[in-house]
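In numbering that gives the first Met the number 0, the protein residues as written are 0 to 345. First the structure, in the form of structure tokens, and then the observations on it.
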Amino acid sequence: MNENNSCCCSSDDCCGEQPIKAVSTTLSRKDILGAWRMRWGIGRMDYTVEPGLYAVGKPDNDSPVFVSANYKLTFDTLRKNLDGLNCWLLILDTKGVNVWCAAGKGTFGTDELIHRIETSELSKYVSHKKLVLPQLGATGVSAHEVKRHSEFDVHYGPVRASDIKEYIDAGYEATKEMRTVQFNLWDRLVLTPIELIPALKYTLPVFGVMLLANQFAAKPFDKTDILSDAGAVIAGSVLTPVLLPYIPGNAFAMKGWFLGLGCTVGILGISGKLKKGSALLSAGHLLLFPAISSFIAMNFTGASTYTSPSGVNKEMKTVLPFIVGAIAIGAALTLGAHLFGRRKTK
Numbered sequence: 000m001n002e003n004n005s006c007c008c009s010s011d012d013c014c015g016e017q018p019i020k021a022v023s024t025t026l027s028r029k030d031i032l033g034a035w036r037m038r039w040g041i042g043r044m045d046y047t048v049e050p051g052l053y054a055v056g057k058p059d060n061d062s063p064v065f066v067s068a069n070y071k072l073t074f075d076t077l078r079k080n081l082d083g084l085n086c087w088l089l090i091l092d093t094k095g096v097n098v099w100c101a102a103g104k105g106t107f108g109t110d111e112l113i114h115r116i117e118t119s120e121l122s123k124y125v126s127h128k129k130l131v132l133p134q135l136g137a138t139g140v141s142a143h144e145v146k147r148h149s150e151f152d153v154h155y156g157p158v159r160a161s162d163i164k165e166y167i168d169a170g171y172e173a174t175k176e177m178r179t180v181q182f183n184l185w186d187r188l189v190l191t192p193i194e195l196i197p198a199l200k201y202t203l204p205v206f207g208v209m210l211l212a213n214q215f216a217a218k219p220f221d222k223t224d225i226l227s228d229a230g231a232v233i234a235g236s237v238l239t240p241v242l243l244p245y246i247p248g249n250a251f252a253m254k255g256w257f258l259g260l261g262c263t264v265g266i267l268g269i270s271g272k273l274k275k276g277s278a279l280l281s282a283g284h285l286l287l288f289p290a291i292s293s294f295i296a297m298n299f300t301g302a303s304t305y306t307s308p309s310g311v312n313k314e315m316k317t318v319l320p321f322i323v324g325a326i327a328i329g330a331a332l333t334l335g336a337h338l339f340g341r342r343k344t345k
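Now the structure itself:
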């Protein structure tokens with residue numbers, strides 16, 4: 000984490016009681032590699048830093064206090080944007096979850112913030128009573144409760160850590176642009192690897208079933224089946240997030256279904272099976288693979304700014320029975336067509 004164990008305190012007598020770790024604003028190769036691993040979902044649940052108080056630069060009694068989560072990717076993003084500043088970082092125990100999601104789960108919350116203020120003995124290091132929290136953590140924190148129990152005032156900073164310096168220069172006032180969650184193409188694109196890896200885990204067993212069934216199937220699975228399955232995965236985990244604002248409808252499941260249907264129809268059309276293939280097999284594909292794409296796309300609701308927790312719950316309750324039904328019927332028709340269909344004769 001590019002940190003050292005030297006004391007960094009605002010008074011001469013505090014180092015012996017509770018030394019504060021000083022952290023660098025420069026990310027090491029290990030940090031960069033770790034971020035890459037997280038994007039691909041490798042070791043995701045273990046990527047944390049120890050909760051508590053940290054020092055950036057040489058902070059004193061008047062230096063600002065920024066509050067964040069102990070998910071290391073969040074921690075690293077924050078500290079690298081504080082280059083040249085002298086400030087304190089108060090890191091909450093969010094169980095390795097980012098600020099936004101942790102606020103929704105309650106781990107980036109009022110009780111944890113009050114607890115961390117007390118256990119870090121923050122009042123010993125700063126003479127002011129001001130905490131700057133990320134705006135995306137606002138849903139989890141009750142500012143008046145924090146004030147009542149700790150006497151610290153909660154102020155909400157910008158959405159993006161890259162705006163912190165400008166926010167400070169403006170007298171800790173955020174502009175409308177700083178308050179706006181953009182979630183642009185790049186923001187969506189960098190999230191696709193962590194959506195793709197779990198999706199592949201779902202579909203690998205499908206390939207296993209195909210290989211096993213080919214040992215005794217009347218009509219063996221071929222490249223059309225494999226491409227249709229791969230198309231459903233790509234449509235749900237990559238194309239849907241990337242094209243999210245441009246796909247008709249509000250429900251993520253429906254957006255994924257539209258793209259999955261388009262991929263399946265395209266693959267069946269190119270292979271010629273829509274015209275000369277088995278009607279039963281085509282029906283199975285058109286039910287199965289768009290439904291798989293729909294299910295995978297629905298998982299992206301947890302990473303998107305387009306939805307609320309209540310909206311996600313409503314969509315899942317409404318759509319999931321149809322997805323499960325379509326997958327079950329589509330799989331049965333596809334397996335039936337291959338197991339009991341007529342083998343092609345030369």
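Here a beta-carbon is modelled for each residue, glycine too, at the ideal position from N, C-alpha and C. Fair warning: this is a prediction, and the values are worked out from it, not measured in the lab.
* Could you please give the first and the last residue of the uninterrupted alpha helix (DSSP H) stretch that includes Val98? => Residues 98-104.
* Thinking C-alpha only, which one of Gly83, Gly42, Ala173, Ser292 is nearest Ser62? -> The shortest C-alpha separation from Ser62 is found at Gly83.
* Helix, strand or coil for Tyr46, going by three-state DSSP, please let me know. => Note: Tyr46 maps to coil in three-state DSSP.
* Report yes or no: do three or more beta-carbon pairs, one from the stretch 183-196 and one from the stretch 138-157, lie closer than 8 Å? => No, the stretch 183-196 does not touch the stretch 138-157.
* Whole-Å CB distance - Ile295 paired with Gly40, under 8 Å assumed -> Actually they are not in contact, since the Cβ atoms of Ile295 and Gly40 sit about 14 Å apart, beyond 8 Å.
* To do: With a threshold of 16 other CB atoms inside 10 Å of the CB of Arg78, please say whether the residue is buried or exposed.
  => Buried, because 16 or more other Cβ atoms sit within 10 Å of the Cβ of Arg78.
* To do: Kindly indicate the opening and closing residues of the beta strand (DSSP E) around Asp152.
  => Asp152 -> beta strand (DSSP E) spans 152-155.
* **Under 8 Å between C-beta atoms of Leu258 and Ile266** => One thing to note: Leu258 has its Cβ no nearer than 8 Å to the Cβ of Ile266.
* Per DSSP, Phe65 is paired with what? -> In the DSSP output, where bridge partners are listed per residue, Phe65 has Leu88, Val131.
* When you compare only the Cα positions, how much space is there between Gly235 and Gly207? -> Our two residues, Gly235 and Gly207, have alpha carbons roughly 21 Å apart in a direct line.
* Asked: Taking C-beta to C-beta, are Val125 and Val140 nearer than 8 Å?
  -> Taking 8 Å as the cut-off, the beta carbon of Val125 is found no closer than this to the beta carbon of Val140.
* To do: Identify the continuous alpha helix (DSSP H) that holds Gly268 and give its terminal residues.
  => Per DSSP, Gly268 is one residue of the alpha helix (DSSP H) stretching across 251-270.
* To do: Report the residue ranges of all beta strand (DSSP E) runs contained in full by the stretch 133-199; include only those spanning at least 3 residues, in chain order.
  => Whole beta strand (DSSP E) segments, 3+ residues: 152-155.
* **Nonlocal neighbours in the same chain, by C-beta distance under 8 Å from Val55, ignoring five residues either side** => Closer than 8 Å at Cβ, skipping near neighbours: Ala21, Val22, Thr24, Arg78, Leu81, Leu84, Asn85, Cys86, Trp87, Leu88.
* Asked: Does DSSP put Tyr201 in a helix, in a strand, or in coil?
  -> The DSSP-derived three-state label of Tyr201 is helix.
* Cβ atoms of Thr263 and Ser293: under 8 Å apart, would you say? -> It is not a contact, given that the beta carbons lie outside the stated cut-off.
* Through-space distance from Tyr46 to Pro352, alpha-carbon basis -> Residue 352 is absent from the structure shown; the chain starts at 0 and stops at 345.
* Span of the alpha helix (DSSP H) around Gly51 -> In the DSSP annotation of this structure, Gly51 is not part of any alpha helix (DSSP H); the continuous beta strand (DSSP E) holding it starts and ends at 51-55.
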